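In order, the protein sequences belong to chains A and B. So in the UniProt record's numbering, spot 246 of the first sequence is number 246, and the numbers just go up one at a time. So in the UniProt record's numbering, spot 307 of the second sequence is number 307, and the numbers just go up one at a time. Even glycine gets a Cβ: it sits at the ideal position worked out from N, Cα and C. Computed from a predicted model, the values in this text were never measured in an experiment. Data block below; observations after.
There are 2 protein chains.
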Amino acid sequence: MKTGDLTLVKQINKSIVLNEIEKKGPISRAQISKDTGLNKTTVSTMVSELIEDKLVNELGQGQSSGGRKPVMLYFNTHAGYAIGIDLGVNYILAVLTDLSGEIVEEESVPLSDQSAEEIMQALRSLIRSLIEKSPDSPYGVVGIGIGAPGIVDPEGLILFTPYLDLNQVNLKQILEDEFNIPTLIDNEANTGALGEHLYGAGKNAMNLIYVSVGIGIGTGIIINGQLYKGATGISGEMGHLTIEVNGRKCSCGNRGCWELYASESALLTEAKKLEYFKDTSSITLDHIESEAKKGNKDVLRLLHTIGEYNGVGLVNIINTFNPDMLIIGNRMARFENWIMNPIKSVLDDRLSPFHGNAVNLTVSSLGKYSNALGASAFVISKFLDINRVKVI
Amino acid sequence: MKTGDLTLVKQINKSIVLNEIEKKGPISRAQISKDTGLNKTTVSTMVSELIEDKLVNELGQGQSSGGRKPVMLYFNTHAGYAIGIDLGVNYILAVLTDLSGEIVEEESVPLSDQSAEEIMQALRSLIRSLIEKSPDSPYGVVGIGIGAPGIVDPEGLILFTPYLDLNQVNLKQILEDEFNIPTLIDNEANTGALGEHLYGAGKNAMNLIYVSVGIGIGTGIIINGQLYKGATGISGEMGHLTIEVNGRKCSCGNRGCWELYASESALLTEAKKLEYFKDTSSITLDHIESEAKKGNKDVLRLLHTIGEYNGVGLVNIINTFNPDMLIIGNRMARFENWIMNPIKSVLDDRLSPFHGNAVNLTVSSLGKYSNALGASAFVISKFLDINRVKVI
DNA sequence: ATACTTTGTTTAATGAATAAACTAAATAGG
DNA sequence: CCTATTTAGTTTATTCATTAAACAAAGTAT
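In structure tokens:
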């Protein structure tokens, strides 16, 4: 059983000090002591250790505030690096970040046939390349994080992923065996939620829901600053909330699922029915966006409708979680200009007044990087072993 | 800021020891040491303190297992008492429990006009009476917990409650001023969830959703063993999930809310339309249950439909939370025999196979007491100040 | 009767946080 | 320019947790 002892106390306080330096650095020992309530002596001891650990450096003297000049400390973001991978349906985006989540290298490849061989080969070569490009550092590449579409079990086994030929593949095991670097796989909505929580729009939100609207809709749930994954790791399938009880059958087995009305697939399906696109063989989001920019009435009306359906689902999420913040991510986010108003008017209409203005709704601030950055953040947090991110 | 120090360590370990005695008592010091990993010395120290605190007693010698006989310890459930109150729409049920949640006294009164005066007077007299009846004990009555229908803010202010004339009343403040006993008010779904989690069917579930199906539908969310209340304390309004996007307007502002189809109100409304009840002026649940028992076809068909609608909402909950356990409580629970099968067949139909048999679905095991017992458990936990229950 | 086991306490050691005293180095004000 | 004051950071001694080891108490097994 997890009991309390002195090492626990030290761990807690060391985390607090490191966190403080990360968030507020450059900062002096004295300031940390004032801000945290920890004794000056304790702070000094922790800082010494962190400097030995190469996680913190001294910057030099800062401004005096009427007495001896403080020694400023900063988080050594170059103590190690992490790889974050966005495993998309037709692309793989891989980033190398420093320990602050700053992107230092970036590579991507398109996927053509989604076969296991193609994907694995692309992953291997991307990872190998980023490892080679990673600057010399005390800890090297500290982890590989992957955000994948589909259902991933807590051991890193991909239980089910539509479109990709990776069902029942234990990606974590395979990559750890090959690269000997701690690896984490999770659903892209979960990694996206983490990314936004740690580095994006959700920095100050302890309870946030990240809504990944792509081909389907998935949600990443951050509760009390921690990722919630449920009993068997498959929570957050809110794309499959029924919003039409006798609606169309969904591939998940349910009927009238939200994502049938509000996702990228829904958008493309409905666009196909428009007069304007009747001669277009395969419609893309680019087509739709360019028409929307041109002011194509039918496309605007369609986006309005899709926005409204997004709003209906968001009302459900708010009624369930009463979150501090809602973040819309993935590919639907590019239509922000056209869907945000209908979403907001649906919220106004349908939300009980007790929610008032409490909910903060926004579009992903990390854009196409939220998934890859979240995956990277995940492994960084694991490396730093501070309680910034825990999976419930 | 909350930092680590020795008192924290002690608090953690003392909690562990007390919890162990609560759960496994009678138990010896040696056994606690083995089970928890705490050193024998530490356990002895904590036990001495707990005995001084009157929270633990020595029972006498136990069975030898090949050496010196152990001294068995047990949790002194009579060290104090707690009052738990189920504030219903047309009744108030108040229980006095010992520290183990065992009911030692019970009183209830019907409500006739739901006026603030009637309710406050009834509450006062119930509380006063239970305090008088509480046996002599080291700590006396350690808290008053109240589960109320409606929306309660974190400070105990009732923001909104349908049917009761208590809107904007700060019940907590009023009762604390009068009785000088720590008081907690929460939504009845939250207290119900706590009751089932601590003393009922959900004892072993760390992630559970308690679905209170009464006049409306509310949900109490326990995540990682802790009650989740959301950013402003109004999470869990899953009765207002839209299941028909263009459905009837609900009083909450939304459309096609789940509770319009699956609650007690829905049952009564639909029952009114049945040929059999056309001459009954005011139909009650008793009427319906007695007809169901007699095998009235129309009533059975109606209950089947209501069950199916309950199933639809439960699928939504499972897709969202992937919980260890789902517990159906409040008045709809009495129809278990007629609604459980339709619910289960809807789950079979609509749930993705990845949920398999992972979800444990059951009806409240505390029956009409789950709300009152949860309210009592809430204040007991606060009193014991062990981390058994924390509100996120 | 003797060896062994199990329970629980006493004793001494370890390691964490911290208050107080101290050193170092600045500013401020005459 | 000099002294008092302020601020930063370290050294020292104390307090208070857990714990390992030795020990005492009280049983069982043979």
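Listed from N- to C-terminal order along the chain, which residues in the stretch 198-225 of chain A have their beta-carbon within a distance smaller than 7 Å of any beta-carbon of chain B? N207, I223, N224
Take the Cβ of A/S376 as the centre, count every other Cβ of all protein chains shown within 10 Å, and call the residue buried at 16 or more, exposed below. By the neighbour-count rule (16 or more Cβ atoms within 10 Å), A/S376 is buried.
Nearest CA to the CA of A/S48: which residue from A/G66, A/P26, A/L18? A/L18
Which of the residues in the stretch 311-323 of chain B, read from start to end, lie with their CB under 7 Å from any CB of chain A? V312, V315, N316, N319, T320, F321, N322, P323
So the candidates are B/E237, B/L194, B/G218, B/I83; which of them puts its Cα closest to the Cα of B/E107? For the residues B/E237, B/L194, B/G218, B/I83, the minimum Cα distance to B/E107 belongs to B/I83.
Taking A/T36 as the query, report the chain B residues whose CB atoms sit under 9 Å from its CB, ordered along the chain. M1, T3
Kindly identify the DSSP beta-bridge partner or partners of B/V9. According to DSSP, which records beta bridges pairwise, B/V9 is partnered with nothing at all.
How close, in whole Å, do the beta carbons of A/L166 and A/A116 come, if the pair is a contact with beta carbons under 8 Å? Correct: roughly 6 Å between the Cβ atoms.
Beta strand (DSSP E) runs wholly inside the stretch 210-265 of chain A, at least 3 long, in chain order: 217-223
To the nearest angstrom, report how far apart A/P149 and A/G80 are at their CA atoms. 28 Å
On the CB-based measure, 16 or more other CB atoms within 10 Å of its CB, does B/G140 come out buried or exposed? exposed
Validate contact between the stretch 349-365 of chain B and the stretch 301-315 of chain B using beta carbons, cut 8 Å, 3 pairs: yes
Tell me which residues of the stretch 6-24 of chain A have at least one Cβ-Cβ distance to chain B shorter than 8 Å, keeping chain order. L6, L8, V9, K10, Q11, I12, N13, I16
Inter-residue Cα distance where the pair is A/G101 and B/F378: Those two C-alpha atoms are separated by around 41 Å.
Against A/I244, what residues of chain B qualify as contacts under a CB-to-CB distance less than 7 Å, listed in chain order? The sequence given here has Glu at residue 244 of chain A, not Ile. The CB of A/E244 comes closer than 7 Å to the CB of E244, V245 in chain B, given here in chain order.
Within-8 Å CB hit, A/H304 to chain B: no
Inspect the beta-carbon positions of B/V43 and B/I215 and report whether they are closer than 8 Å. no
Tell me which same chain residues have a C-beta within less than 8 Å of the C-beta of A/N224, skipping the five on either side of it? M206, N207
Spell out whether any CB of chain A is found under 8 Å from the CB atom of B/F354. yes
Segment contact flag, the stretch 320-332 of chain B with the stretch 235-252 of chain A, C-beta cutoff 8 Å, min 3 pairs: Of all C-beta pairs linking the stretch 320-332 of chain B to the stretch 235-252 of chain A, three or more are shorter than 8 Å, placing the two stretches in contact.
What does the alpha-carbon distance come out to for the pair B/A292 and B/R334? Rounded to whole angstroms, B/A292 to B/R334 spans 11 Å at the Cα level.
So the alpha helix (DSSP H) B/M46 belongs to, where does it begin and stop? Segment 40-52, the alpha helix (DSSP H) holding B/M46.
Looking at B/M1 and A/I343, is the spacing between their C-beta atoms short of 8 Å? No, these two residues do not count as a Cβ contact at 8 Å.
Under 8 Å between C-beta atoms, does A/N187 make it to chain B? Chain B has no Cβ within less than 8 Å of the Cβ of A/N187.
Counting Cβ pairs closer than 8 Å, one from the stretch 56-72 of chain B and one from the stretch 126-145 of chain B, do we hit at least three? no
Chain B contact residues for A/G230, given Cβ-Cβ distances below 8 Å: The answer, in chain order, is N207, F321, N322, P323.
Apply the 10 Å Cβ neighbour rule to A/E275 and answer buried if 16 or more other Cβ atoms are within range, or exposed otherwise. exposed
What is the DSSP secondary structure of A/Y81, reduced to helix, strand or coil? strand
So which of B/Q226, B/K172, B/G37 has the shortest CA-CA distance to B/R124? B/K172
Tell me which residues share the same chain as A/F277 and place their Cβ nearer than 6 Å to its Cβ, disregarding the 5 neighbours each side in the sequence. A271, I283, listed in sequence order.
Go to A/A148, then tell me how far its beta strand (DSSP E) extends in each direction, as first and last residue. 141-148
Using a Cβ cut-off of 7 Å, pull out every chain B residue sitting near A/F160, in sequence order please. F354
Taking 8 Å as the cut-off, decide whether the C-beta atoms of A/G192 and A/Y163 are in contact. no
If you measure between the beta carbons of A/H78 and A/S137, is that distance less than 8 Å? yes
Rounded C-beta distance between B/I327 and B/G307? I'm assuming under 8 Å. Not confirmed; about 16 Å, so no contact.
Beta carbons nearer than 7 Å to chain A: which residues of the stretch 106-137 of chain B have them? none
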